[in-house]
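With my numbering, you'll find the first sequence wraps up at 604, consecutive numbering, no jumps.
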Amino acid sequence: MTIVDSIRPPDFIRNIVREDVRANKNDGRVVTRFPPEPNGYLHIGHAKSICINFGIALENEGGIYHLRFDDTNPSKEDIEYIESIKSDIRWLGFDWGKHLYYASDYFGKLYQYAVQLIKDGKAYVCSLSTEEIRGYRGTLTEPGKNSPYRTRSLEENLDLFERMRAGEFEDGSHVLRAKIDMTSPNLNMRDPVLYRIRHESHHRTHDKWCIYPTYDFAHCLSDSIEGITHSICTLEFENNRPLYDWILNELNVDCHPQQIEFARLNLSYTVMSKRKLLELVEQGYVSGWDDPRMPTISGLRRRGYTPEAIRNFCERIGVAKSNSIVDIALLEHCIREDLNLRAPRVMAVLYPLRVVIDNYPEGRVEELDAQNNPEDPGMGTRKIPFSRVVYIEQDDFRENPPKKFFRLAPGCEVRLKHAYYIKCVRVIKDEGTGKVIELHCRYDPATRGGWSSDGRKVRGTLHWVSAAHALEAEVRLYDHLFIKANPYDVKDGSDFKTNLNPNSLEKLTSCRMEPGLAGARPGSRYQFLRQGYFCVDSVDSREGAPVFNRIVPLRDSWAKIEKAQERGSFSPTIPRSLHS
RNA sequence: UGGGGCGUGGUGAAGCGGUAACACAGCGGACUUUGGAUCCGCCAUACGGAGGUUCGAAUCCUCCCGCCCCAGCCA
């Protein structure tokens, strides 16, 4: 699958771009950008934005996309984030080539633009305190009042701004403000701050500057400087668009990009704000930004998600302006769909139950052929050892099988995948607990490979592992991070963290698997037959001792049947007469 | 309450005046050496509500209701 491989359904942004190209606006050029602030790790919501921005550029002949770090606030940003963001985007499959930019590279130009605004009488240095500015701003329903500094002379403004830059003033003592309209119903237009003093070292410009432009001033001008044609961002910036346009208009720049807003991604059973994710990391609810339960790109990668699946997901969710919560089942569907075709099948027993095959010769070992992927015969076969004692899944045996239970039970016959039919002849239980600890079975030598020539019907097929040859390994089972589809659905004033799923991680340390898995490379993905897709953890695996992360379980229709049966038996019996 | 947005099935989402795509989920069934996959079928007389315009409205108009965003020298 390539990045631009399918006809995307039209969305309102692509419609705008297509119409612009058709009308030869911007000489038919399409230049987009993804502008992260390096203050955290990228998550799947950012992947949506990347796919939209970069995807649109890729879909248009000659289209270009930029990666620009919006690094205008030194107190929150860090070089570590820059590196993680770059590697995450590369991993997703996008190459920005030479188009890597930083807003901080434009600080000089931005300063000049600010000076021009002052000279044009469109900006002034305001010496009100933060609190005073807030007070003068008014409220949602009341207009603001002009700052007493609004009428400073050009000369004084120029002098003060120059001295702000020179470091003569303390943080917070002055700001540069746009002179717009303190009575505007749009609060963003009530003389917004353009520059603030911050005596802080910047991760790239170091100590060259002690005044930094705000988002509103830097963003539109950075877009303009880079010749961006379509500046695509999320809905919360809609209120900022008039300011975006005001600044570019007043400065009379050649390039005036069009800002277009779309709804950010929300996923059920997780949170998607950098602040909240940071909180989970810092307070130890997860092991880090790359914890496999996190919706971060690095978390999904470690979990075992593929870039293809994530891109496909971003395509399928669509682009619109209504706030919504996408069902995480769609993401899970995307990874299953991808891995179904590509992941080699392998057998692993998560909760082992010992099975002795009484009539199988002691000491004998057979090498059986197993298909690596029935979806793709080209992936070949492998040999797996079979012997007298094997492990099967505890769930695959029931002493008193319910209806439609097609697995092993006393007297029942099942197929061991790729091996033989076996029939359970004896159940051994722990005398104290009554728990089933071992099964004795008999096999049919005539069913080697799992076939019988007499047309016998065997509905159940179990996965298994030869006890004497098994690799013992750790498996980590992940579930949704939160117990509620909407984690913010909490009682009174309590925190979203009260909805954290206490069972989102289950570590199994004595799983038994095919010996061949001892050499599984970190990052490689497998389907554990009948269970799910798993990925070798790239952090905790050791040579010969892989640790497996469950990416996603296989769909389980037996679980549904069983649940339905439980519902049936527990629901109160209502007399028929009451129904009519 | 001022301003800006948004409201289509369980969840996303097409539709742009001509009689509700698609996907996920769900539910049936076929097939099956993964109760996986695959395949078939079902799933909005209905588009937040009420009026109006029109031969005809989810699409146009009016009013109402609900949800989201904005009072950082965050982005």
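Just so it is clear, CB atoms sit at the ideal spot from N, CA and C, and this is done for glycine as well. Bear in mind that the values here come from a model prediction, so they are computed numbers and not experimental data.
Residue environment, Ser108, which counts as buried when at least 16 other CB atoms sit within 10 Å: Stepping through the first sequence from its first residue, residue 108 is reached at position 84. Its Cβ being crowded by 16 or more others within 10 Å, Ser108 is buried.
Ser111 to Ser225 span [Cα, whole Å]: Within the first sequence, residue 111 is the residue found at index 87, counting from 1. Within the first sequence, residue 225 is the residue found at index 201, counting from 1. If you draw a straight line from the Cα of Ser111 to the Cα of Ser225, it is about 25 Å long.
Short Cβ contact (8 Å threshold) for Val576 with Gly547: For the purposes of this step, residue 576 is identified with residue 552 of the first sequence, where counting begins at 1. For the purposes of this step, residue 547 is identified with residue 523 of the first sequence, where counting begins at 1. No. Outside cutoff.
Rounded Cβ spacing between Asp247 and Arg57 (contact assumed at less than 8 Å): In the first sequence, residue 247 corresponds to position 223, counting from 1. In the first sequence, residue 57 corresponds to position 33, counting from 1. Sure, about 7 Å apart at Cβ, within 8 Å.
Ranges of the alpha helix (DSSP H) found wholly within the segment 172-201, counting only runs of at least 4: Complete alpha helix (DSSP H) runs here, min 4: 178-190.
6 Å CB neighbourhood of Ser151 in its chain, flanking five on each side removed: To locate residue 151, count along the first sequence from 1; it is residue 127. If the five residues before and after Ser151 are omitted, its C-beta is found closer than 6 Å to the C-beta atoms of Tyr173, His198, all from its own chain and listed in chain order.
Trp115 - containing alpha helix (DSSP H), residue span: As a working note, residue 115 is residue 91 in the first sequence. Per DSSP, the continuous alpha helix (DSSP H) segment holding Trp115 begins and ends at 103-116.
Arg299 in three-state terms, based on DSSP: Working through the first sequence from its first residue, we reach residue 299 at position 275. The answer is helix: DSSP assigns Arg299 an H, G or I state.
Burial state of Ser30, where buried means 16 or more other Cβ atoms lie within 10 Å: If you number the first sequence from 1, residue 30 lands on position 6. Here Ser30 scores only 48 on pLDDT, less than 50, and its place in the model is too uncertain to base an answer on.
Alpha helix (DSSP H) runs contained entirely in the segment 331-374, provided each spans 4 or more residues: Segments of the alpha helix (DSSP H) lying fully in the segment 331-374: 331-340, 352-366.
Run of the beta strand (DSSP E) containing Phe552, from where it starts to where it stops: The residue given as residue 552 occupies position 528 in the first sequence. Element bounds for Phe552: 549-552.
Glu538 and Met403 closer than 8 Å at C-beta: Sequence index remark: in the first sequence, residue 538 carries index 514 (1-based). Sequence index remark: in the first sequence, residue 403 carries index 379 (1-based). Taking 8 Å as the cut-off, the Cβ atoms of Glu538 and Met403 do not count as close.
CB contact flag (Thr238, Arg214, <8 Å): For the purposes of this step, residue 238 is taken as residue 214 along the first sequence, with counting starting at 1. For the purposes of this step, residue 214 is taken as residue 190 along the first sequence, with counting starting at 1. For the pair Thr238 and Arg214, the CB atoms are not nearer than the 8 Å cut-off.
Gln555 (DSSP reduced to helix, strand or coil): Position 531 of the first sequence, counting from 1, holds the residue named residue 555. Assigned with DSSP and collapsed to three states, Gln555 falls in coil, not helix or strand.
Cutoff 8 Å; reference Pro266; Cβ partners in own chain excluding five residues on either side: Taking the first sequence and counting its residues from 1, the one referred to as residue 266 is at position 242. Asn210, Asn212, Met213, listed in sequence order.
Local Cβ density within 10 Å of Arg412, reported as buried at 16 or more and exposed below that: Along the first sequence, one-based indexing puts residue 412 at 388. Arg412 should be labelled buried.
Of the residues Leu178, Ala127, Asn573, Leu324, the one placed nearest Cys535, counting alpha carbons only: Taking the first residue of the first sequence as 1, we reach residue 535 at position 511. Of the candidates Leu178, Ala127, Asn573, Leu324, the one whose C-alpha sits nearest the C-alpha of Cys535 is Asn573.
Range of the contiguous beta strand (DSSP E) that encloses Gln283: The sequence position of residue 283 within the first sequence is 259, counting from 1. In the DSSP assignment, Gln283 falls within the beta strand (DSSP E) that extends over 282-286.
As assigned by DSSP and simplified to three states, the class of Cys436: The residue labelled residue 436 in the question sits at position 412 within the first sequence. Here Cys436 sits in coil by DSSP.
Coarse secondary structure for Trp488, derived from DSSP in three states: Counting from one through the first sequence, the residue named residue 488 turns up at place 464. Three-state DSSP puts Trp488 in a strand.
Top-ranked residue by Cα proximity to Glu260, from Arg288, Thr253, Val379, Trp270: Counting from one through the first sequence, the residue named residue 260 turns up at place 236. Checking every option, the nearest Cα to that of Glu260 belongs to Arg288.
Segment contact flag, the segment 164-178 with the segment 125-137, C-beta cutoff 8 Å, min 3 pairs: They do not touch, by the three-pair rule.
Own chain, CB closer than 6 Å to Asn290, minus 5 neighbours either side, in chain order: Stepping through the first sequence from its first residue, residue 290 is reached at position 266. The beta carbon of Asn290 is closer than 6 Å to those of Met296, Ile349 in its chain, skipping five residues each way along the sequence.
Buried or exposed (CB count within 10 angstroms, at least 16 for buried), Lys72: Here the question's residue 72 lines up with position 48 in the first sequence. A buried status is given to Lys72, since no fewer than 16 other beta-carbon atoms sit within 10 Å of its beta-carbon.
For Val482 and Asp382, the rounded distance between their alpha carbons: Position 358 of the first sequence holds residue 382. Position 458 of the first sequence holds residue 482. Using only the alpha carbons, I get a separation of about 20 Å.
His243, buried or exposed, once every other Cβ within 10 Å from all chains shown has been counted against 16: Position 219 of the first sequence, counting from 1, holds the residue named residue 243. The residue in question, His243, is buried, as its Cβ has 16 or more Cβ neighbours within 10 Å.
Beta-carbon spacing of Leu392, Phe421 below 8 Å: Walking along the first sequence from the start, residue 392 turns up at place 368. Walking along the first sequence from the start, residue 421 turns up at place 397. Between Leu392 and Phe421, the C-beta gap is not smaller than 8 Å, which leaves the two residues out of contact.
Separation of Leu164 from Gln589, as counted between CA atoms: Here residue 589 refers to the residue found at position 565 of the first sequence. Here residue 164 refers to the residue found at position 140 of the first sequence. So the alpha carbons of these two residues sit roughly 56 Å apart.
Where the beta strand (DSSP E) containing Asp393 begins and where it ends: Position 369 of the first sequence, counting from 1, holds the residue named residue 393. It spans 390-395 - the beta strand (DSSP E) in which Asp393 sits, taken as one unbroken run.
Straight-line Cα distance separating Phe506 from Gly342: As a working mapping, residue 342 is identified with position 318 in the first sequence. As a working mapping, residue 506 is identified with position 482 in the first sequence. Their backbone Cα atoms lie some 24 Å apart in a straight line.
Same chain, Cβ closer than 7 Å to Gly568, five either side skipped, listed in chain order: Numbered from its first residue, the first sequence carries residue 568 at position 544. Ala542.
For Asn263, the nearest candidate out of Glu250, Asn276, Asn273, Gln283 (CA to CA): Along the first sequence, one-based indexing puts residue 263 at 239. Nearest of Glu250, Asn276, Asn273, Gln283 to Asn263, Cα basis: Gln283.
Ile446 classed as buried or exposed, judged by whether at least 16 other C-beta atoms fall within 10 angstroms: Counting from one through the first sequence, the residue named residue 446 turns up at place 422. Around the C-beta of Ile446, 16 or more other C-beta atoms lie within 10 Å, and the residue is accordingly described as buried.
Beta-bridge pairing of Phe58 - partner residues as DSSP gives them: Counted from its first residue, the first sequence places residue 58 at position 34. Per the DSSP secondary-structure output, Phe58 pairs in a beta bridge with Leu91.
Beta carbon of Phe131 nearer than 8 Å to that of Thr229: Looking up residue 131 in the first sequence gives position 107. Looking up residue 229 in the first sequence gives position 205. Yes, these two residues count as a Cβ contact at 8 Å.
Cβ separation of Glu423 and Val460, assumed to be a contact under 8 Å, to the nearest whole Å: Translated into positions along the first sequence, residue 423 becomes position 399. Translated into positions along the first sequence, residue 460 becomes position 436. About 7 Å separates the two Cβ atoms, so the contact holds.
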